[in-house]
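K.L.:
If you scroll down you'll find the structure; I have some questions about it.
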Amino acid sequence: MSGRIEPRTLKGFRDYLPEMMIPRERLLEAARGVYRRYGFAPIDTPALEYAEILLGKGGEESDKIVYRFQDHGNRDVALRFDLTVPFARFAAMHVGKLGIPFKRYAMGPVWRGENTGHGRYREFWQCDFDTIGTTSVSSDAEALLVAHDLMVAAGIERFVLRVNHRQVLGGLLETMGLGDQATAMLRAIDKLPKVGADAVAAEMMEKAGAIRPQADTVLALAGRKGEPLAMLSDLAVELAGSERGMAGVTRLREVFEAVLAAGLPPERIGLDLAIARGLDYYTGIIFETFLGDLPGIGSVCSGGRYDDLAGLYTKQALPGVGASLGVDRLLAALEELKCLGTAGAVAPVLIAQFEAGHLGTCLGLARRLHAAGVGAEVFPEAKKIGQQLQHAEKKGFRVVVLAGPDERARGIWKIKRLADRFEMERADADVPSGVVELLAGG
């Protein structure tokens, strides 16, 4: 046959087979549970927005990766590159109905036309949570606690939240006479893990007008390590002449004291003055989450405070703070750490068709199992039992239920657990309880 189209995907995009989709849905469900426990309500926004809504909000770098085009109505439109900017537009439109403070979560795909890499795709899912309408320390601290609990819910034990504040670096730059170049300097610092100190210093000199000693001073600050509260005490002395810098130091101290008092393990949170977050809309606390066993994969949950973003759409003050869970990057990490396990069948029970002519009975049993809260499906054909059992093992079913002529004559079903080949017989009415018993035992 001529003219056949080669089945392929675009670079930076991929298909998700069940063995990856099932863990992804489990991760999203775990995240949803965390968000709801903290009182965040679900919302959604369109994938496509007017280009003016999205452009210029994250800075020049983010504008370069936006998928932008003319639609059939010749409107200038773009695909969302994150879930935060659309939320700011959403909040401006609906704040009268929502009331403030308002806490939301949203899950969905976003698109960025950037270079691909390990765990980095051009279409990927984000899983966001945000609080708007308050500048409270409580909301900043809660954002860190939620990010921590997301990692725990995902089954991650070794991780660290690296926290900073935009005003700390901004205050330092003010003391050096570079306050007006803060945006360019912060963009350069954000690239430190990717390109190294020399390249960052070169960008600071080229794009921010810094001289080499100034760049070295900023890099030295970014490289500091130590106990957070002790580091903040040192910074308070060094930034005493900067109101901006002192505001950042004070806020960070309040946040660290709050989350540590709330029980967040000290080994899972640190002050990292190299964290800058490349998006321009951040104004306060910023943080990223790194896995202890895979630091090279990058941050899997990042965010911060953005007090001015919604001001682009409304006169009402709508300060916000929140973060995004990088679902696909975290899944890639979990896969590399071999923490995904085997996906298994979506329904754990397979009802075999021993012979033709009894389809209705098998379907009826499946419905009774469904009513008992047990996922079950019927093998679609009356093939040899050996073939059906092989199918069950290959697909990851845990239990097989079957009845041949002898069993039907006695009014019973055989229930077989595949993991250890344990088998029992149950009367027709007792099959659901027997299946539940075997599933509970392994």
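Residue numbers (the working numbering): 3 to 444.
Glycine included, C-beta positions come from ideal geometry on N, C-alpha and C.
Note that the structure is a prediction, hence the values are computed from the model and not measured.
(1) So, at 8 Å on beta carbons, what are the nonlocal neighbours of Met3 in its own chain, with the 5 sequence-adjacent residues on each side left out?
(2) Quick one: what's got a C-beta closer than 7 Å to Arg246's C-beta in the same chain, skipping five residues either side?
(3) Does the beta-carbon distance from Leu180 to Ala210 come in below 9 Å?
(4) Quick check: Ile45 and Phe89, are their CB atoms within less than 9 Å of each other?
(5) Would you call Asp78 buried or exposed, if buried means 16 or more other Cβ atoms sit within 10 Å of its Cβ?
(6) Can you give the Cα-Cα distance for Lys99 and Leu81, rounded to whole angstroms?
(7) Whole angstroms is fine: what's the gap from Leu273's alpha carbon to Arg369's?
(8) Would you give the residue range spanned by the alpha helix (DSSP H) that Val323 belongs to?
(9) Is it right to say Phe289 is buried, meaning 16 or more other beta carbons lie within 10 angstroms of its own, or is it exposed?
(10) Please state whether the Cβ-Cβ distance between Ala354 and Leu391 is less than 9 Å.
(11) State the Cα-Cα distance for the pair Leu221 and Pro111, rounded to the nearest angstrom.
(12) Could you work out which residue in Phe126, Asp192, Tyr308, Leu29 is closest to Gly286 when comparing CA atoms only?
(13) Between the Cα of Gly436 and the Cα atoms of Ala411, Leu404, Asp408, Arg410, which residue gives the shortest distance?
(14) Locate the alpha helix (DSSP H) running through Phe89, then write down its first and last residues.
(15) Report all residues from its chain with a CB closer than 7 Å to the CB of Arg160; omit the five preceding and five following residues, and keep chain order.
(16) Buried or exposed for Arg400, going by 16 or more other Cβ atoms inside 10 Å?
(17) Just to confirm the assignment, what range does the alpha helix (DSSP H) spanning Ala184 have?
(18) DSSP beta-bridge partners for Lys416?
(19) To the nearest angstrom, how far is the alpha carbon of Ala429 from that of Ala155?
(20) Could you tell me whether any non-hydrogen atom of the ligand NAD is closer than 8 Å to the CB of Pro321?
P.N.:
Answer, in terms of the structure:
(1) Since pLDDT at Met3 reaches only 49, below the 50 mark, its modelled position is unreliable, and no value is offered.
(2) So the qualifying residues of the chain are Gln169, Gly172, Gly173, Glu176.
(3) Yes; because the gap between Cβ atoms is below 9 Å, this pair is in contact.
(4) Using a Cβ distance threshold of 9 Å, Ile45 and Phe89 count as a contacting pair.
(5) By the neighbour-count definition (other C-beta atoms within 10 Å, threshold 16), Asp78 is an exposed residue.
(6) Between Lys99 and Leu81, the C-alpha separation is close to 26 Å.
(7) Rounded to whole angstroms, Leu273 and Arg369 show a C-alpha spacing of 55 Å.
(8) Looking at the DSSP string, Val323 is not in any alpha helix (DSSP H); the run it does join, the beta strand (DSSP E), is 322-328.
(9) Around the beta carbon of Phe289, 16 or more other beta carbons sit within 10 angstroms, so the residue counts as buried.
(10) Taking 9 Å as the Cβ cut-off, Ala354 and Leu391 qualify as a contacting pair.
(11) The alpha-carbon of Leu221 is positioned some 35 Å away from that of Pro111.
(12) Ranking Phe126, Asp192, Tyr308, Leu29 by Cα distance to Gly286 puts Tyr308 first.
(13) Ranked by how close their Cα comes to the Cα of Gly436, the residues Ala411, Leu404, Asp408, Arg410 have Leu404 in first place.
(14) Unbroken alpha helix (DSSP H) run through Phe89: 86-100.
(15) Take Arg160, set aside five residues on each side of it, and the residues of its chain with a beta-carbon closer than 7 Å to its own are Leu293, Gly294, Asp295, in chain order.
(16) Looking at its Cβ environment, which holds 16 or more other Cβ atoms inside 10 Å, Arg400 is buried.
(17) Judged by DSSP secondary structure, Ala184 falls within the alpha helix (DSSP H) whose first and last residues are 184-192.
(18) For Lys416, which the question treats as bridged, DSSP gives the partners Leu404, Glu427.
(19) When rounded, the separation of the alpha-carbon atoms in Ala429 and Ala155 is 40 Å.
(20) What this structure holds is no ligand at all, so the ligand NAD is not there to describe.
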